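Colleague: Residue numbers (full-length UniProt numbering): 1 to 118. All C-beta atoms in this analysis are idealised placements derived from N, C-alpha and C, irrespective of residue type, glycine included. Model, not experiment: these values are computed from the prediction. One structure coming up, written as structure tokens, with questions to follow.
Following this line, the structure appears as structure tokens:
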């Protein structure tokens with residue numbers, strides 16, 4: 001890991017920032033962009049019937065500003081990996097991995113192309 005990078009033992013989770021009250025996507029990119037070594041993404045919608053207050057959904061179908069946060073991270077020096085987080089083991093009600101993961105890959109590839117051409 002490069003000096004100055006935040007430890008990859010705890011990857012930066014975009015959805016976690018929103019669920020903890022920070023919905024300003026640009027703020028995290030400005031502060032963390034060049035210091036983060038690994039980002040994981042997931043999407044969710046507010047749902048008061050869920051214990052956490054959030055229901056996991058396919059990326060791009062929820063309220064988490066995943067694309068805006070990725071854009072901000074890249075604009076501020078992020079050059080690491082992006083991985084998807086799909087918690088089927090703990091949330092058996094969500095889509096099967098065979099459905100979710102191809103959708104996530106397609107969504108991330110589309111967003112990456114858009115962000116790299118800006």
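1. In three-state terms, what does DSSP make of residue 54?
2. Expressed to the nearest angstrom, what Euclidean distance is found between the alpha-carbon atoms of residue 54 and residue 72?
3. If we ignore side chains and look at the alpha-carbon of each, how far apart do residue 50 and residue 89 end up?
4. Of the residues 75, 56, 64, 117, which one's Cα is nearest the Cα of residue 92?
5. Going by C-alpha to C-alpha distance, which of 102, 112, 30 sits closest to residue 82?
6. Cα separation between residue 44 and residue 64?
7. In chain order, what residues of the same chain have a beta carbon less than 7 Å from the beta carbon of residue 31, not counting five sequence neighbours either side?
8. Could you work out which residue in 84, 100, 78 is closest to residue 116 when comparing CA atoms only?
9. Using a threshold of 8 Å, state whether the C-beta atoms of residue 40 and residue 75 are closer than that.
Modeller: So, to answer that:
1. Here residue 54 refers to the residue found at position 54 of the chain shown. Three-state result, residue 54: strand.
2. Walking along the chain shown from the start, residue 54 turns up at place 54. Walking along the chain shown from the start, residue 72 turns up at place 72. The straight-line gap separating the alpha-carbon atoms of residue 54 and residue 72 is approximately 23 Å.
3. Here residue 50 refers to the residue found at position 50 of the chain shown. Here residue 89 refers to the residue found at position 89 of the chain shown. C-alpha separation (whole angstroms): 16 Å.
4. Counted from its first residue, the chain shown places residue 92 at position 92. Here the closest residue by C-alpha is 56.
5. Taking the chain shown and counting its residues from 1, one reaches residue 82 at position 82. Residue 112 is the option with its Cα nearest to residue 82.
6. Counted from its first residue, the chain shown places residue 44 at position 44. Counted from its first residue, the chain shown places residue 64 at position 64. Straight-line Cα distance between these residues: approximately 6 Å.
7. Translated into the one-based positions of the chain shown, residue 31 becomes position 31. Excluding residues within five positions, none has a Cβ falling inside 7 Å.
8. Your numbering for residue 116 matches position 116 in the chain shown. Looking only at 84, 100, 78, the smallest Cα-Cα distance to residue 116 is reached by 78.
9. Within the chain shown, numbered from 1, the residue matching residue 40 stands at position 40. Within the chain shown, numbered from 1, the residue matching residue 75 stands at position 75. No; because the gap between Cβ atoms is not below 8 Å, this pair is not in contact.
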